[in-house]
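Participant: In the working numbering, the protein residues as written are 4 to 393. The structure under discussion is supplied below as structure tokens; questions concerning it will follow.
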Amino acid sequence: MVDVLIAGGAVMGASVAFWLKRLDPSLDIEVIEQDPSYATSSTALAASGIRMQFSDPVNVAISRFGLDFIRDFARHVGPSGEVADLGFKENGYLFLTTSGTGAATLESLAAMQREMGASTQVLDRAGLAEKFPWMALDDISAGSYGPRGEGFFDNMGLLNGLKNAARAAGVRWVRDRVTTLEREGDRIVAAVLEQGGRKTAQVFVNCAGPRAAILMRTVDLDLPVEPRKRTVFVVDAPLARHPDAPLVIDPLGIWFRPEHGQWLAATVPATDGPCAPDDFEPDLDLFESEIWPALYARAPGFEQAKVLRWWVGHYAFNTLDQNAILGRNPQVPNLYHANGFSGHGLQQAPAVGRGIAEQIVHGDWVSLDLSPLGMQRVLDGRPMTEAAIV
Ligand SMILES: Cc1cc2nc3c(=O)[nH]c(=O)nc-3n(C[C@H](O)[C@H](O)[C@H](O)COP(=O)(O)OP(=O)(O)OC[C@H]3O[C@@H](n4cnc5c(N)ncnc54)[C@H](O)[C@@H]3O)c2cc1C
């Protein structure tokens, strides 16, 4: 019997394992990961951004810690992480709005974010035009922009650094798939593995990303998390190269950001809904129907845009409120969750891993109260309102 068994060994599994060893080096921990290449994990397929611009203070606080961790990664994980730097590119995020009430909302959110240490500023159309002269802004009333503490970083560096440090501290990564959990009363007692083994543990942690609900169904528990497809396009627009641009969340229904002289861009399909966990077919029509018209409208030069390639990743989409579901499960208290991150889990991994490790080792949240994101709200059917969902 191990002390802690973690199902899923991408960024969340690695962060929980890393922090557990930090808090209690004596713990015996195994991480079961079905695909160590991570080819279809959300972690490997993310847009890799971090932002302070959330509407709920707990999400801002999570990102604040994530920012410190990502900026100074080598110091946080130590030499055993074997990753010197996450190449944080501090281009910022820019949320645009078309309406006057939208501008007022951005202003009150920015004030809350600044109180929590963010640099968010709200610019009117003239201010935006001065800062981003390459944009067409006729339909825009204002935008909120974080010039510091927001941007993009190396997703696989974050995963590998945490994983290397956890392994150096004694955590074992096992290549296998948890097919079912076994439950006796209010305890999970074992995880059954595809290759024939059965692992018992004191504590289980569900870090299975978009497949998290599949595991829960094996013990007759519901988790409102499902895989949702996101097709990300890599676009070359030689007449619109703005490598210092922020990640723009555009009211025309897309987001886009620069990447190595090109652009990444994506949208949420109008017919958004669950997909099969192994369906990675791209929604290629979205470029011509949604993304290209929006890019073309937002900035001169996109008329010559060309799609170079694309990839498809799955959000672990929380159908209740698109926010993380964290910590101890009140129905089976030796089961912990790091699930449902939708589109913002990568940046949350440092704080979430620390929080769950604290709950396991100390019995409660310690550094940061993550209870607003706990399972109880899910059981009560009480959505947490977070307006800044991308
Ligand atoms: C297109 C896209 C863009 C994104 N952009 C951002 C962004 O800009 N910023 C941000 O913060 N977040 C972003 N995200 C979200 C972020 O990628 C995820 O929230 C985060 O990576 C979640 O990590 P995870 O470890 O929970 O899940 P995953 O990375 O999906 O890992 C789950 C792991 O569990 C394994 N697994 C599953 N079931 C089993 C089982 N039964 N047994 C054993 N192993 C199992 C899988 O193989 C996988 O490796 C984006 C996601 C996508 C898809």
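Note that CB positions come from ideal geometry on N, CA and C, so glycine has one too.
When you compare only the Cα positions, how much space is there between residue 190 and residue 223?
Facilitator: Rounded to the nearest angstrom, the two C-alpha atoms are 13 Å apart.
Participant: Should residue 186 be counted as a contact of ligand 1 given a C-beta to heavy atom distance under 8 Å?
Facilitator: Flag unset: Cβ of residue 186 not near ligand 1.
Participant: Please classify residue 141: is it buried, with 16 or more other beta-carbons within 10 angstroms of its beta-carbon, or exposed?
Facilitator: Exposed.
Participant: Between residue 123 and the rest of its own chain, which residues show a CB-CB distance below 8 Å, the 5 nearest in sequence each way excluded?
Facilitator: Answer for residue 123: 55, 56, 112, 113, 116, 117, 147, 148, 149, listed in chain order.
Participant: State the Cα-Cα distance for the pair residue 376 and residue 329, rounded to the nearest angstrom.
Facilitator: Roughly 6 Å between the two C-alpha positions.
Participant: Helix, strand or coil for residue 274, going by three-state DSSP, please let me know.
Facilitator: It is coil, neither helix nor strand.
Participant: With a cut-off of 8 Å, do at least 3 Cβ pairs link the stretch 308 to 322 to the stretch 227 to 243?
Facilitator: Yes, the stretch 308 to 322 touches the stretch 227 to 243.
Participant: So does residue 322 have its beta carbon nearer than 8 Å to some heavy atom of ligand 1?
Facilitator: Outside the cutoff, so no.
Participant: Looking at the unbroken alpha helix (DSSP H) that takes in residue 54, where does it start and where does it end?
Facilitator: Looking at the DSSP string, residue 54 is not in any alpha helix (DSSP H), and its letter there is neither H nor E.
Participant: Does the contact criterion of 3 or more C-beta pairs under 8 Å hold for the stretch 54 to 73 versus the stretch 333 to 344?
Facilitator: No, because fewer than three Cβ pairs between the stretch 54 to 73 and the stretch 333 to 344 fall closer than 8 Å, the two stretches do not touch.
Participant: Relative to ligand 1, is the shortest distance from any of its heavy atoms to the C-beta of residue 149 smaller than 8 Å?
Facilitator: No.
Participant: Any beta carbon of chain B sitting closer than 9 Å to that of residue 109?
Facilitator: Given the protein chain composition of this structure (a single chain), no chain B is represented.
Participant: DSSP state of residue 316, grouped into three classes?
Facilitator: Residue 316 falls in the strand class under three-state DSSP.
Participant: Compute the Euclidean distance between the alpha carbons of residue 96 and residue 265, then round it to the nearest angstrom.
Facilitator: In a straight line, the C-alpha of residue 96 is about 17 Å away from that of residue 265.
Participant: What are the residues that DSSP puts in a beta bridge with residue 92?
Facilitator: Partner(s): 155.
Participant: Quick check: what's the CA-CA separation for residue 10 versus residue 145?
Facilitator: Those two C-alpha atoms are separated by around 44 Å.
Participant: Rounded to the nearest angstrom, what separates residue 248 and residue 267 at their Cα positions?
Facilitator: Between residue 248 and residue 267, the C-alpha separation is close to 12 Å.
Participant: Give a single yes or no on whether residue 217 has its beta carbon closer than 8 Å to a heavy atom of ligand 1.
Facilitator: Residue 217: yes, Cβ under 8 Å from ligand 1.
Participant: Return the bridge partner residues of residue 148 from the DSSP annotation.
Facilitator: In the DSSP output, where bridge partners are listed per residue, residue 148 has 97, 124.
Participant: Between the beta-carbon of residue 137 and the beta-carbon of residue 316, is there less than 9 Å?
Facilitator: Not a contact, by the Cβ cut-off of 9 Å.
Participant: Assuming residue 368 and residue 356 are in contact, meaning their beta carbons sit under 8 Å apart, how far apart are those beta carbons, in whole angstroms?
Facilitator: In fact, because the Cβ distance is near 13 Å, the residues do not count as touching under 8 Å.
Participant: Within its chain, find whatever has a CB closer than 8 Å to the CB of residue 90; leave out the 5 residues flanking it on each side and keep chain order.
Facilitator: These residues qualify, in order along the chain: 156, 157, 160.
Participant: Which residue's Cα is closest to the Cα of residue 216: 384, 41, 51, 322?
Facilitator: When only C-alpha atoms are compared, the closest one is 322.
Participant: CB residue 132 to CB residue 67, shorter than 9 Å?
Facilitator: Contact flag unset, no.
Participant: Just the C-alpha distance for residue 381 and residue 129, rounded to the nearest angstrom, thanks.
Facilitator: Using only the alpha carbons, I get a separation of about 43 Å.
Participant: Just to confirm, does residue 213 get its C-beta within under 8 Å of one of the non-hydrogen atoms of ligand 1?
Facilitator: Because some heavy atom of ligand 1 lies under 8 Å away, the Cβ of residue 213 counts as near it: yes.
Participant: By the three-class DSSP mapping on this structure, what secondary structure does residue 345 have?
Facilitator: Strand.
Participant: Between 231, 352, 206, which has its C-alpha nearest residue 275's C-alpha?
Facilitator: Out of 231, 352, 206, 231 has the C-alpha closest to the C-alpha of residue 275.
Participant: In terms of residues, what are the limits of the beta strand (DSSP E) holding residue 205?
Facilitator: Where residue 205 is concerned, the enclosing beta strand (DSSP E) stretches over 201 to 209.
Participant: For residue 232, which beta-bridge partners are listed by DSSP?
Facilitator: DSSP, once it has assigned bridges, lists 317 as partnering residue 232.
Participant: Please state whether DSSP places residue 385 in a helix, a strand or coil.
Facilitator: If DSSP states are grouped into helix, strand and coil, residue 385 belongs with coil.
Participant: To the nearest angstrom, how far is it from the Cα of residue 284 to the Cα of residue 29?
Facilitator: For residue 284 and residue 29, the distance between alpha carbons rounds to 44 Å.
Participant: I'd like to know whether the C-beta atoms of residue 24 and residue 174 end up nearer to each other than 9 Å.
Facilitator: Their beta carbons are under 9 Å apart, which means residue 24 touches residue 174 by this criterion.
Participant: Given a threshold of 16 other Cβ atoms within 10 Å of its Cβ, counted over all protein chains shown, does residue 263 qualify as buried or as exposed?
Facilitator: So residue 263 ends up on the exposed side.
Participant: Report the rounded CA-to-CA distance for residue 86 versus residue 77, giving the unit in angstroms.
Facilitator: C-alpha separation (whole angstroms): 6 Å.
Participant: Grab me the residues of residue 221's own chain with a C-beta within less than 6 Å of its C-beta, minus the 5 sequence neighbours each way, in chain order.
Facilitator: Same-chain partners within the cutoff: 183, 184.
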